[in-house]
Structure formats: structure tokens, C-alpha cells
């Protein structure tokens, strides 16, 4: 099964989330049965990220959106936490600061765009400005309705500069959300994270669903596609996201850049230095570095 | 053995790097013998970082400095790559950009200081401005000589705001550096990283040593100590750094913050939602989330 095809929102199509099974798990019986595949993609992801970093030509932007308890934090930890931290940064977008709110809604987002060679992971994003903003009438409809086009133009500019954009909607069911709220209540070490809004926002489930559907339908483009990831099973969500990232990066056919120096000349310099360090031969010291 | 004591540069003392064995490995015969301890500290580090993040009151700044091939990248990968990426960022400081160079030397550093709840890891830092700058006479002596005090004042301000600062000098021998250069030459996948300066800077080894000794001696303070980490053995370096970070964080006696909400009231809301979701009882859905 081609995950890039399977989970991508086809540009121009109309998304109906209730037609997409959040409990889908492909051919895998359970987590244990998928462990080998998860491990393989996790490892390959790390290799490809290192190539992206070494190549220093392109960048990758991963956007995560979901309902509350949809698994954004978990996805970041399990899938993306495996990357080299020197080449990856996570950005969370919460209520805008006074300075951020004094600018257009894309201003703070643009500042967090990944430079060449780097991966940026957005935990929430500019899409909040057509989600929470719309559901709670924070701006008039004519303002948020224009944003889909502004977002597409903005993302188009990033892509034109060599940024590859992957957008994941982590799709859970309403009953699964409730089960996860219960798990938080059952674990005292997680009580500090519980907020009033968990339950109050749940009352807007249908409004959010509609807002997500419109964002996915209007902003899944050839250059910056949305993927709807079945996320009731955390392990399948992790597998699907890392597989899509891997397959996207594989398609770039990246290679290590050529040496910046003449390796033959540097080798000669090494031998000169080694001869100086140990005139009696070999450059062997007594302290191994393993 | 108390690593915080053992490797700390005592404030006011004069550091002589040639008196410190870069191949020290404590009681451990080799890497294999230390694996359990490494694993234990790595795991504990992750737990403590999560507490720092949850507590959201203090921050941690880790500064890494070393000779070329001293192991800064390796330390970041193996020790700090295990942290939750949402609570940790790595900053590399290379040759200043035009905008950075138009400001004082601490300006770009200050922007990367970790906010509450976060860890920042500096791969090189403001100390370059008393190292490479001094060795290559990029500014007059009277300029760099004043910087030790400016650095202490700057770090003091961060500490006053709740940032804990740990500074690690990764100490390798000159022969170990050469051995690592050889490993790079032997591995084609690493040729892209080799630069002319590897060998040209090596000629300034003694000058760098003196510059490091002065930085360590002048800027190891009670509030922001330097640690000299024996780093010829990569595994021991990783162990020592994670142990010192763990022991520093343990001393903060952090606890999860109290809930922001009334857990009893939220539990009642959960039961109301569960009853609504499944009126026939129990709130059980058919899709598990494991």
C-alpha cells in the first residue's frame, strides 16, 4: 500500500471526516505485529534527516493539527524525537503574544520556517487561524474565509524556496478522545496538564470537524498536501507519519555533498601530522577512543 | 565519586589542562562495563527534563566547548538527543552574520537563552569570543580581556532569572584529535564535513589551550560553573555529562505542578460526557488506543 497516495487529501477534493475510519490499521493485527516495520522506518528517517542536514539545500516543514488529545505531542515524541536534535526544532503556537497579535497571522509562522538543511515541526500552526478562530467567532467570517488563499500563497512561497511541506491531521474519534481524557484523570502525574477547555471545547466537536474539513479541502495542494492519519491507534499513527516522511524524503534522492577540500591533500597533511606526533612510526597513541 | 565535585573548575582556581587526564574513565573498564550506568542516567535525564518542562519555572542552559573533533556533536546526539524535543533546542554559533556582528558579542547569545521550562544547548557560544577571537587576534587584547567580566555579568543575569547554567569543556588529547581526523578520512560518508581548518587550527593547539585555560579559570563561578570532562573515551564523556546534568536537576527537587483545575469537578464532567456517549453504560468504545 502506498501511504503517500492512501492518506493524502487529493487537491480539489472535498473531505468528509466521518467517511474516514480513525481506527484503520492496515494489515497489522496490533502494535506488536507492526514493531519491525516501525523500527525500520524510524531508523531510515534518522538517516534521511542526516542527509538533509548534510546536503544543506532543502528543508522540511511538518505541520501537526488535531482535536484535543489527538496525539500531537505523542507523535512528536515517538516519531520525530528520534531525529538529530541539531537538525530539527519543534515550534508550538499557542495564543499569540501581544507583539504577534499586532502583526498579520502569518508573521510569527514565517519566523519559524526551517532554514536550509533543517526540519521544523509545528505543533499547531497558522491553521489555528481558520479553526479555533472560526469556531469561536474571534474574527468575522469574511476575514477567516480569505485566509485559505493567503495560506496557500504563503506555503507556495516556502515551497518555491526549497521547503518541503507535509501537513498531518491526526484523526481520532470522539469516543477515543473521551477515553484519553479518562487516562489523564487516572494518572496523577498528568493532572497538571488537564484544562477546563478539554471538556468545553468538546462541545464544539462538530464545529471543529467542519472547520477541519474546510481547511483540509481548501489547502491540500500539490506542493503542500494534507494527510489524514487514522490516529485512534497511537502505534499506527506513528508508523503512518514516519512512513510518509520517509517516502517523501526518499523521493528527493539526496546524496552527501562532495568534499569541500582535496581529500588527497588532506590525507598528506594527516600523514605529516602523524609523523610529527609519533616519529617512531604509525601515529598510534595508547588511548583508544571507543 | 561525586562528579559535580570531581570535574568542576573550582571558582577562583587556575586551570592547567595538561594536569587533567583526558583518558580518565573512573572505575569502568570499558564501554560495555559502563552500559548499565549510562542507560540509567539517560533514562533519568529524560524524566527530569519532563519535570522541568511541566514545572515551567526554571530553565537549563548547557554550553559545550571543545577543540575541533572534541565531541560536541557526539555529546549532543547521544546524551541530549534523548530529551523530549518539545522542551529542548540546540543552537550553533558560527561566524556571526552581518546583523549579529553589528551588535555586541552577547546580543545573539541572549536571544537564544532558554525560556522557562526549556533546555537550550549551545554548540559553541559566547566563549568563542575569548577563544578563536583571541587566538587569531580578531580584536585587540584590551577588548577580549574585558569580556571575561562581561560574560560573568551576563550569565549572572540569566541565573538571577532562574536559568541554571552548566558549561562543559570536552577535554581531548592532541593525539586523540589526530586519531579522529583519521577516522573522518577513512569514512567517505564523512568527507563532506572535513575542512581545511581542521589542520590549520591544529597548529594553534597551544594557543587554544591557553585561551581555554583562561576562560575556564576566569569564568567558572558558583552560579555558572565550568566542568572539564575527560573526553578521549566517547562513552565516558557521555556518561559524565549526563550524570552532571542529572545531579544538577535532582538538586532542584522539582515536582509536578498542582492541577490547574478541580479534578473532582472534571471527573464529574467526564462521567457526564461518558454517559452521553454510551447511555447503556460504561463509556466503553470498541476501539482500543494501545
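Protein chains in written order, with UniProt numbering: chain R, 1 to 290; chain Y, 1 to 290.
From the three backbone atoms N, C-alpha and C, an ideal C-beta is built for every residue, glycine too.
query                                                                                                                                                                                       : result
Using 8 angstroms for Cβ pairs, my map puts residue 177 (chain Y) next to residue 67 (chain Y). What's the rounded Cβ distance?                                                             : 6 angstroms
Would you report the Cα separation of residue 97 (chain Y) and residue 274 (chain Y), rounded to the nearest angstrom?                                                                      : 56 angstroms
Whose Cβ in chain R lies nearer than 7 angstroms to the Cβ of residue 191 (chain Y)?                                                                                                        : 259 and 263
Decide if the segment 243 to 251 of chain R is in contact with the segment 43 to 62 of chain R; the criterion is three or more beta carbon pairs, one per stretch, under 8 angstroms apart. : yes
For residue 146 (chain R), does the three-state DSSP call read helix, strand or coil?                                                                                                       : helix
Is residue 269 (chain R) close to chain Y, meaning its C-beta is less than 7 angstroms from at least one C-beta of that chain?                                                              : yes
Does the beta carbon of residue 19 (chain Y) sit closer than 7 angstroms to a beta carbon anywhere in chain R?                                                                              : no
Within the continuous alpha helix (DSSP H) that includes residue 248 (chain R), where are the two ends?                                                                                     : 234 to 250
Among R:244, R:228, R:261 and R:61, which one has its Cα closest to the Cα of residue 20 (chain R)?                                                                                         : R:228
Go ahead and label residue 1 (chain R) buried or exposed: buried means 16 or more other beta carbons lie within 10 angstroms of its beta carbon, across all protein chains shown.           : exposed
Contact criterion: CB-CB distance below 7 angstroms. Does residue 64 (chain Y) meet it with respect to chain R?                                                                             : no
From the DSSP output, in three-state form, read off residue 65 (chain R) for me.                                                                                                            : strand
In this structure, how does DSSP classify residue 263 (chain Y) when only helix, strand and coil are distinguished?                                                                         : helix
Under DSSP, the alpha helix (DSSP H) around residue 212 (chain R) begins and ends at which residues?                                                                                        : 205 to 219
Rounded to whole angstroms, what is the Cα-Cα separation between residue 15 (chain R) and residue 58 (chain R)?                                                                             : 30 angstroms
Between which two residues does the beta strand (DSSP E) containing residue 166 (chain Y) stretch?                                                                                          : 163 to 171
Within a Cβ cutoff of 7 angstroms, which residues of the same chain sit near residue 72 (chain Y), ignoring the five residues on either side of it in sequence?                             : 64, 66, 123 and 170
When the Cα atoms are used, what is the spatial distance from residue 166 (chain R) to residue 60 (chain R)?                                                                                : 8 angstroms
Any beta carbon of chain R sitting closer than 7 angstroms to that of residue 86 (chain Y)?                                                                                                 : yes
Could you list which residues in chain Y have their beta carbon closer than 7 angstroms to that of residue 178 (chain R), in chain order?                                                   : 273, 274, 277 and 283
Can you pull the chain Y neighbours of residue 168 (chain R), defined as C-beta to C-beta under 9 angstroms?                                                                                : The contacting residues do not exist; residue 168 (chain R) stays about 16 angstroms from chain Y at best.
Can you tell me which of the three DSSP states residue 105 (chain Y) falls into?                                                                                                            : coil
Are the C-beta of residue 24 (chain Y) and some C-beta of chain R separated by less than 7 angstroms?                                                                                       : no
Can you list, in chain order, the residues of its chain whose CB lies under 7 angstroms from that of residue 207 (chain Y), leaving out five sequence neighbours each side?                 : 135
Measure the C-alpha to C-alpha separation of residue 85 (chain Y) and residue 172 (chain Y) and round it to an integer number of angstroms.                                                 : 29 angstroms
Between Y:234, Y:76 and Y:268, which has its C-alpha nearest residue 28 (chain Y)'s C-alpha?                                                                                                : Y:234
To the nearest angstrom, how far is it from the Cα of residue 255 (chain R) to the Cα of residue 55 (chain R)?                                                                              : 7 angstroms
With C-beta atoms as the reference, is residue 125 (chain R) less than 7 angstroms away from residue 93 (chain R)?                                                                          : yes
Does DSSP put residue 122 (chain R) in a helix, in a strand, or in coil?                                                                                                                    : strand
How long is the line joining the alpha carbons of residue 230 (chain Y) and residue 272 (chain Y), rounded to whole angstroms?                                                              : 59 angstroms
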